[in-house]
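Taken in order, these protein sequences are the chains called W and F.
Each residue of the first sequence is one higher than the one before, starting from -1 at the first, in this note's numbering.
Each residue of the second sequence is one higher than the one before, starting from 14 at the first, in this note's numbering.
First the structure, in the form of C-alpha cells, and then the observations on it.
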Amino acid sequence: MDIGIADVCVRHAGGTDALTDITLFIPAGQICAVLGASGAGKSTLLRAVAGLVTPSAGRMLYDGDPASRAQRRRIGLIPQDFALSGRASVARNVMAVARIGILPSLAGLYPPTDRARAAHLLASLGLEESQLERRTDSLSGGQQQRVAIARALLHRPALILADEPIASLDPATGEATLALIRDEARDLGATLLCSLHQPDLAHRFADRIIQLDAGRVVFDGPPAALGGNRIPPRIRAVAQ
Amino acid sequence: MNAALPWRFPALLNARAVALLAAALLLLWYTGQRVEIGRMFALSGEAVLAQAGLAERSQVADGLGSTLAELVPIQLSSRREISRIEGFDPDRLPPFAHIETAATRVSELNPETLRREERTVRTAWLVEPFGYAVHVAAKMLETLEIALWGSVIAVLIGLPLALLGARNVTPHPALRAASRAASAFLRAIPELIAALFLVIAFGFGPIAGVLALGLHSAGFLGKFYADDIEDADPRPQQALAAMGAGRLTIWRSAILPQVLPQHIACTLYTFDRNVRMGAVIGLVGAGGIGQELKGRFDLYEYGHVGTILIAIFLVILTLDLVASRARQAWR
C-alpha cells in the first residue's frame, strides 16, 4: 500500500501544533524509519496515518484513496503502549483481528490458517506455546511488545505502522525483532513505517529515513544521505 | 532548594463548598421535621433506656418485644387431619411421621328426631416433626428458582440493551439514547409494583415473580453493563479500530476481556438482590417464600413466621458468602 500525505497538520487540544505541513509520499513496499527526539511528532505522525488522530488540515491517501474500512483492514498497527487487552490471554490478543464470527471466537475456534500464522509469528518472536493461555498482563513488557507485533502481522497487512516497536526490548532482541518485522514486510510486500529512537538501527534497516523535529520534517532521504547520525536534530535544523 | 515558591494551593473548603454544605443541612433540617426524625430518636432512646432499666416503660420496646417473643419457639412440625389428605396410605407414612388420634364429644341436632344428641368423633392427625421446615425449604427453593430465572431474563434483556446503549459499541447515537431510556424505564418500575400488575395478568404464582424481577433488574444490568463497556480502556479498542475491526470484533477482543469481571460481579449482585426481592414480592402473591410469610403473618402464626425469617436469613447469608467467593475467583 502506498501512502500519500499532503499538507497535513495535527493540532493538540491545547492549541499547539503537533505536526505542521507534513507532505510525504511513501511508495508501496518501502521500509521507512521515522526518527526524532521525544515530542518531535513521531508518534503523532504514525497515529495520524493509522487514523487515530484526525488532522486539522491536509489529506491522507491510501493507494490513492481516502481511508475506508476495507483499507484499514490492510493495516497492521503496533502501538507504542501495545494497547493489548491485559486480562485476555495471549492467544485472544493475537487473534484479535482474525476474521471470524462472534461465537467461534468466544469458543476459541480460530481458523487453521490463522492458528498456523499466529504460531509461526509467536515462535519467530521467541514466545512459546505454553504462553498462549497466559493472561497478557502477566507477561513482561518485552513479551507484551512481541504479542502486539504478532497481533499486527497476523492478517498479512499491506501497511505496517510500528510505533517504537522495540522500545521495551534489550538491544540484541530488539535488533532481531526489528529484522523480523522488516523481513515480514518484505515477504508481504508491505510498506513499513516505523518510528525509532536508535539512529544507528535506522541506518542499517531502512530504505528511507524521515527525521522530524518540532512537528516538521527536517530530513527525508536514504540513510546514506543523512551522514553522521550523532548530530542532535535541533542543531541540524539550525544548520539547515 | 526553593525555600519559598509563591504557590497557592486550592483550598478544599471554599465559599461554594460552604454554601453547598449549608444548603444540604437546611434540606436535612426541613425534611427531618416532616418525617418526624426527632420523635424517632425520642422513641428509640426511650426503648434503649427502658432496656437498661433507666426508664419506666417504652411503647416501642413493649410492642416489638411481645411480637418478637411470639416468634419463638419456631414452628418445625406440621399436623394435618388425615381425612383431608388425598390418597392417604397408613402403611406408607413419610419419614419420622406418626399418627395421633383424638376423640372429641360433639353435640349435634339430629334432623330426624329434632333432638340434640351427643356423639364421639375420632379424628386422626398425621404429625411430621419436620414437616413445616421441609415445607419452608421447598418454598425457599421456589424463591431461589424465581430469582435465578429473573436474573437469566435480566441478562438476556440487559446485555443487548447494554451493547446498544454503550457509546463505544452502539451502531447509532439514536439507538444509544433509546436503549438508555428503555433501561431507565425498566429501572423506574419497582418490582413490588410490577408484581402487583403481573399477578393480575398471569395469576398468583411464580410467573409474575420471575417477570417482575427480570424486567426490573434488566434495567439495572442494561445500565451497569453499558457503563462498564464505556469505561473500558479505549486504547485496545482504538488499535483494533485502526486495523479495520468492526464493532462486534472490538467488543469481543478489546472490551469483553476487560469488563467480564465487572459483568460477573454485577450479575451476581443482581441474583443476590433478586433473592431478597423475591422474598418481598411474594407478599403480593407472586410465589415463593413471601407468599407463605404473608399468609402466616395474616393468621398471627408467629411461630411459622419465625421459621420463615430464619430460613430467609440463612439463605441470604450463604448466598453472600458464595457470591463474594465467586467474585474473588473471577477478579
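Where is the CB? At the ideal position from N, CA and C, for every residue including glycine.
From a predicted model like this one, the values you see are computed outputs, not experimental measurements.
The beta carbon of S166 (chain W) sits closer than 7 Å to those of G139, G140 and Q143, all from its chain and outside the five residues before and after it, given in chain order.
Between the alpha carbons of R214 (chain W) and I100 (chain W) lies a gap of roughly 43 Å. A contact is defined here as three or more CB-CB pairs under 8 Å, and the region 258 to 265 of chain F fails this definition with respect to the region 294 to 302 of chain F. In the displayed model, V297 (chain F) falls within a helix according to three-state DSSP.
No residue range can be given for A17 (chain F), since it is assigned to no beta strand (DSSP E) and is classified by DSSP as neither H nor E.
Assigned with DSSP and collapsed to three states, D102 (chain F) falls in coil, not helix or strand.
Judged by DSSP in its simplified three-state form, E127 (chain W) adopts helix. Per DSSP, the unbroken beta strand (DSSP E) holding F217 (chain W) starts and ends at R214 to G219. According to DSSP, F23 (chain W) shares a beta bridge with W:G2. Less than 8 Å divides the Cβ of A55 (chain W) from the Cβ of D5 (chain W). Boundaries around M53 (chain F) are those of the alpha helix (DSSP H), I50 to Q64, since no beta strand (DSSP E) includes it. By the Cβ neighbour-count rule, M53 (chain F) is exposed, with fewer than 16 other Cβ atoms within 10 Å of its own.
S164 (chain F) and S87 (chain W) have their C-alpha atoms roughly 28 Å apart. In the DSSP assignment, M153 (chain F) falls within the unbroken alpha helix (DSSP H) covering G144 to G178. Residues V297 of the same chain have their beta carbon placed closer than 8 Å to that of L209 (chain F), with the five preceding and five following residues left out of the count. As the crow flies, the alpha-carbon of G62 (chain W) is around 25 Å from that of I179 (chain W). Taking a cut-off of 8 Å for Cβ pairs, the region 116 to 132 of chain F and the region 183 to 197 of chain F do not touch, as fewer than three such pairs fall below it. When Cβ-Cβ separations below 8 Å define contact, G257 (chain F) makes contact with chain W. The region 271 to 285 of chain F makes no contact with the region 97 to 115 of chain W; the number of CB pairs closer than 8 Å stays below 3. Residue contact check for A252 (chain F) against chain W: a CB pair falls below 8 Å.
Per the Cβ contact rule, the region 222 to 233 of chain F is not in contact with the region 24 to 36 of chain W (fewer than 3 Cβ pairs under 8 Å). Contact of L82 (chain W) with chain F by beta-carbon distance below 7 Å involves P249.
Between the alpha carbons of I170 (chain F) and V182 (chain F) lies a distance of about 17 Å. When only Cα atoms are considered, A82 (chain F) and E59 (chain F) end up about 20 Å apart. Contact between L253 (chain F) and A94 (chain W) holds, with the beta-carbon distance rounding to 6 Å and staying under 8 Å.
The beta carbons of I20 (chain W) and L157 (chain W) sit no closer together than 8 Å.
With a beta-carbon spacing of about 7 Å, L152 (chain W) and L119 (chain W) fall inside the 8 Å limit used to define contacts. The beta-carbon separation of R340 (chain F) and A278 (chain F), rounded to 5 Å, stays under the 8 Å limit for a contact. With respect to chain W, the C-beta atom of Q271 (chain F) has a partner C-beta closer than 8 Å. In this chain, the alpha helix (DSSP H) harbouring G319 (chain F) covers Y315 to A342. Contact between the region 312 to 331 of chain F and the region 82 to 94 of chain F is present: three or more C-beta pairs spanning the two stretches fall below 8 Å. H111 (chain F) has F:V140 as its beta-bridge partners, per DSSP.
Measuring C-alpha to C-alpha distances from S96 (chain F) to each of F:A167, F:T114, F:L306 and F:V48 identifies F:T114 as the nearest. Contact holds between the region 103 to 122 of chain F and the region 140 to 150 of chain F, because three or more Cβ pairs, one in each stretch, are under 8 Å apart. Nearest Cα to D185 (chain W) within the set W:L22, W:G84, W:Q28 and W:L210: W:Q28. Rounded to the nearest whole angstrom, the CA to CA distance from L39 (chain F) to L33 (chain F) is 10 Å.
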